[in-house]
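The listed protein sequences derive, respectively, from chains A and B. Take the first sequence: its letters are residues 8 to 386, numbered as in the working numbering. Take the second sequence: its letters are residues 8 to 386, numbered as in the working numbering. Glycine included, C-beta positions come from ideal geometry on N, C-alpha and C.
There are 2 protein chains.
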Amino acid sequence: MKNNTFFNLIKEDVQSSARLGEIHTSHGIIPTPIFMPVGTQGTVKAIEQRELVEIDAKIILGNTYHLYLRPGMEVLHHFGGLHKFMNWDRPILTDSGGFQVFSLNDLRKINKDGVKFKSHIDGSSHIFTPDNVVDIQRTIGSDIIMVLDECAPYPSSPQYISKSIELSLSWAKKARERFISTMPKWDKPQFQFGIGQGGVYPEYRKQYIQQMNDMDFDGYAIGGLSVGEPKEMMQEIVALSAEHLPKNKPRYLMGVGMPEDILNAIENGIDMFDCVIPTRNARNAQIFTTRGKINLRNAKYKFSDELIDENIDAYPSKNFTLGYLRHLFVAEELLALQLASLHNIAFYLWLVKTARENIANGTFKNWKTNFLNQYFSKE
Amino acid sequence: MKNNTFFNLIKEDVQSSARLGEIHTSHGIIPTPIFMPVGTQGTVKAIEQRELVEIDAKIILGNTYHLYLRPGMEVLHHFGGLHKFMNWDRPILTDSGGFQVFSLNDLRKINKDGVKFKSHIDGSSHIFTPDNVVDIQRTIGSDIIMVLDECAPYPSSPQYISKSIELSLSWAKKARERFISTMPKWDKPQFQFGIGQGGVYPEYRKQYIQQMNDMDFDGYAIGGLSVGEPKEMMQEIVALSAEHLPKNKPRYLMGVGMPEDILNAIENGIDMFDCVIPTRNARNAQIFTTRGKINLRNAKYKFSDELIDENIDAYPSKNFTLGYLRHLFVAEELLALQLASLHNIAFYLWLVKTARENIANGTFKNWKTNFLNQYFSKE
């Protein structure tokens, strides 16, 4: 096992596959396991940048597809990249745009060179290729950039997946070559992750990872999960993927998930997560707390004097009651979305921070069991 | 001229009718002239309570009509009043609910005892009387409570106004009696303002004020303006009202207005203002800056590196460019509403603070002329 300057594996748990590590970027060090709040269009929805620093978000995620369409590359180029544009000087990871092309576009056309799609905003035509997606993320200035891949739907036949992974692997190779033969645009080092595919088929997953390992990416994501498959199947593929991925590189499970999914994946050796759930559910009046999920639309909270969550060290969590936050939702006040989003992200950051502390102490498995018991005790 | 413990008149301008003062409440001292951000439903739209403290809002306004309907009196009683419910420990002024009853309700029925109306939320029937509006504001725990009045529309005939002021004066008398014969519910002193009416008719305005003065309110509002009458007419009525109001009590011009309206009214001797313009216009992408109004929907700001307003000491003003804020509006991001609202309220607070400083220095008229020249120079 060899550490590199990008990823420092600090500790491996004895009782599980959980790991403690550090990712080094020019915008700061990211302790792992980590959760990355999703900032689709140059903002984590309803949360100020200084608030993300306040709750100590170590890295945020941007969506290449959305940023490419709006504000667009001209603007991002003019402002010197996304960090300056949005006034955020901590690390940023951007996805490849592939997922949105496949999920938001019915009219996409895919061939061996890339994918043609129409903007969901104005219907204009665009093409993503393995190469231009690298270039776009060079202009965005992401600290960690992802390769273009095809995210196959669930369920897909083995035949479909076989063809799909052939395409994604050829794209990954092109993307890696493009990355290696080009320089950062804004003088800050950038790193590139490959994305493992292979549907829910263990053999395909293994093959894919082996070939990807040869390309020597800076880190590896597990893609194509959390797209409708049963949760047990997801955890099985996660565990198998983690087993075959190199130990000295970070592992990122894309688009996952609920708190329990994250803890299970940490236990299986995953280091990085992103998900829209904490912010999206916040906007639907669902908050995550150390005593479980709470739906504030429930009338029983009308007179509740309980604080949102005393265990979470964030402004909304310790300063407002469930009754007040419920009122804001019922009255359709913007502050409801702000307070709930900030709290939920703070909760997710607390979750991974506490996981890290327990991995460091050798108490991860025990803590995880106790925490989930408490978290689910109301249901 | 006699000062009282509630209002301290510190200085009168020599070159104009502008005044410098202080209002003393148990939740803090309010320097005047002051602008009160509008927090209709227990929140100033899109702004956190701690942000209001950060930009040093000295007092906020709540709407009795809205609070009465939602969260409702049971909830406000349970939580010990609005301050505790919304976690805001600076002063609160509440209006009487009359304005909303008249502006939001087509089916209201008015008689000498009060006004019957249907909730705009669920159609349920309610009555506001001079007495119960005092009681409601006792439960809300407002530092400054307003009497129920009829806000006559513009234009109204002298005959209509004559009848209307007769009614409003009888209500004011009842409200004053109710206030004097009851105690605060939450052990904090409360103060009550009368509201001058009389349409755009100087004689009626004078008569009204004389009779109201006899009731010895703690302060006086000028109501029934900014309802569609020409601006010159409004300033004329404001000046005339200020002349006839006692010097040793604060004067509040309700629902006004644009920055220039506020400065003109300060010049005419007004001490307090509230208006939804800074927050409402913020949500429509209009920001107020020391170099004039800016409509961020205008495409010319797409590449603008200019900060929102370097002269305003608030987070959005000094940390984000017009180009970024425009992007947030175009992308329909919630953060657009947050940053623009916070900036606009900070601008309004800067405006009255700078007015106060210039009254203190004896430079108010000169500063006002220069500021408005600069503010309007782009138009």
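- Shown here, residue 265 of chain A sits in coil according to DSSP, grouped into three states, outside any helix or strand.
- 93 and 94: these are the residues of the region 93–113 of chain A whose beta carbon lies less than 9 Å from some beta carbon of chain B, given in chain order.
- Counting C-beta pairs with one atom in each stretch, the region 300–312 of chain B and the region 356–365 of chain B have fewer than three that are closer than 8 Å, which means they do not touch.
- Annotation note: the region 167–254 of chain B contains the following uninterrupted beta strand (DSSP E) runs of length 3 or greater, listed N- to C-terminal: 198–203 and 226–229.
- The alpha-carbon of residue 256 of chain B is positioned some 24 Å away from that of residue 265 of chain B.
- For residue 38 of chain B, the nearest beta carbon of chain A is not closer than 8 Å to its own beta carbon.
- Using a CB distance cut-off of 8 Å, residue 285 of chain A does not count as an interface residue toward chain B.
- What residue 361 of chain A touches in chain B, judged by beta-carbon distance under 7 Å, is nothing: the nearest beta carbon there is about 25 Å away.
- The alpha-carbon of residue 145 of chain B is positioned some 52 Å away from that of residue 40 of chain A.
- Residue 55 of chain A reaches chain B at 322, 342, 345 and 346, counting residues in chain order whose Cβ is nearer than 8 Å.
- The beta-carbon separation of residue 371 of chain B and residue 25 of chain B, rounded to 5 Å, stays under the 8 Å limit for a contact.
- For residue 284 of chain B and residue 259 of chain B, the gap between their C-alpha atoms comes out near 17 Å.
- Leaving aside the five residues that flank residue 205 of chain B on each side, the residues in its chain whose CB is nearer than 6 Å to its CB run, in chain order, 172, 211, 212 and 215.
- Short of 6 Å from the beta carbon of residue 65 of chain B, and not among the five residues preceding or following it, lie these beta carbons of its own chain, in chain order: 37 and 41.
- Considering only beta carbons, the part of the region 303–330 of chain A lying closer than 9 Å to chain B consists of 309, 310, 312, 322, 323, 326, 327, 328 and 330, in chain order.
- When the beta-carbon positions are compared, residue 68 of chain B and residue 100 of chain B come within less than 8 Å of each other.
- Taking 8 Å as the cut-off, the beta carbon of residue 374 of chain B is found closer than this to the beta carbon of residue 365 of chain B.
- Listed along the chain, the chain A residues whose CB falls inside 7 Å of the CB of residue 48 of chain B are 338 and 340.
- In the structure shown, residue 277 of chain A falls within a coil segment according to DSSP collapsed to helix, strand and coil.
- In this structure the region 321–329 of chain A does not lie against the region 273–288 of chain A, because fewer than three pairs of beta carbons, one per stretch, are closer than 8 Å.
- Taking C-beta separations shorter than 8 Å and ignoring five residues to either side along the sequence, the partners of residue 286 of chain A in its chain run 44, 45, 51, 52, 53, 54, 348, 351 and 352, following chain order.
- By the Cβ-count criterion, residue 134 of chain B is exposed, with fewer than 16 other Cβ atoms from all chains shown falling within 10 Å of its own Cβ.
- As for any beta strand (DSSP E) of minimum length 3 sitting wholly inside the region 307–378 of chain A, there is none.
- Per DSSP, residue 84 of chain A is one residue of the alpha helix (DSSP H) stretching across 80–85.
- Within chain B, the residues 330 have their CB atoms less than 7 Å from the CB of residue 86 of chain A, given in chain order.
- Minimum Cα-Cα distance from residue 217 of chain A among the listed residues A/294, A/201 and A/231 corresponds to A/201.
- The beta carbon of residue 191 of chain B does not come within 8 Å of any beta carbon belonging to chain A, so the residue lies off that interface.
- In the structure shown, residue 68 of chain A falls within a strand segment according to DSSP collapsed to helix, strand and coil.
- Against chain B, a Cβ distance below 7 Å from residue 335 of chain A picks out 50.
- Of the candidates A/297, A/47, A/32 and A/96, A/96 places its Cα closest to the Cα of residue 57 of chain A.
- When C-beta distances to chain B are compared with 7 Å, the residues of the region 68–85 of chain A below that value are 77, 78, 82 and 85, in chain order.
- If you compare the alpha carbons of A/318, A/224, A/169 and A/280 with that of residue 233 of chain A, the shortest gap goes to A/280.
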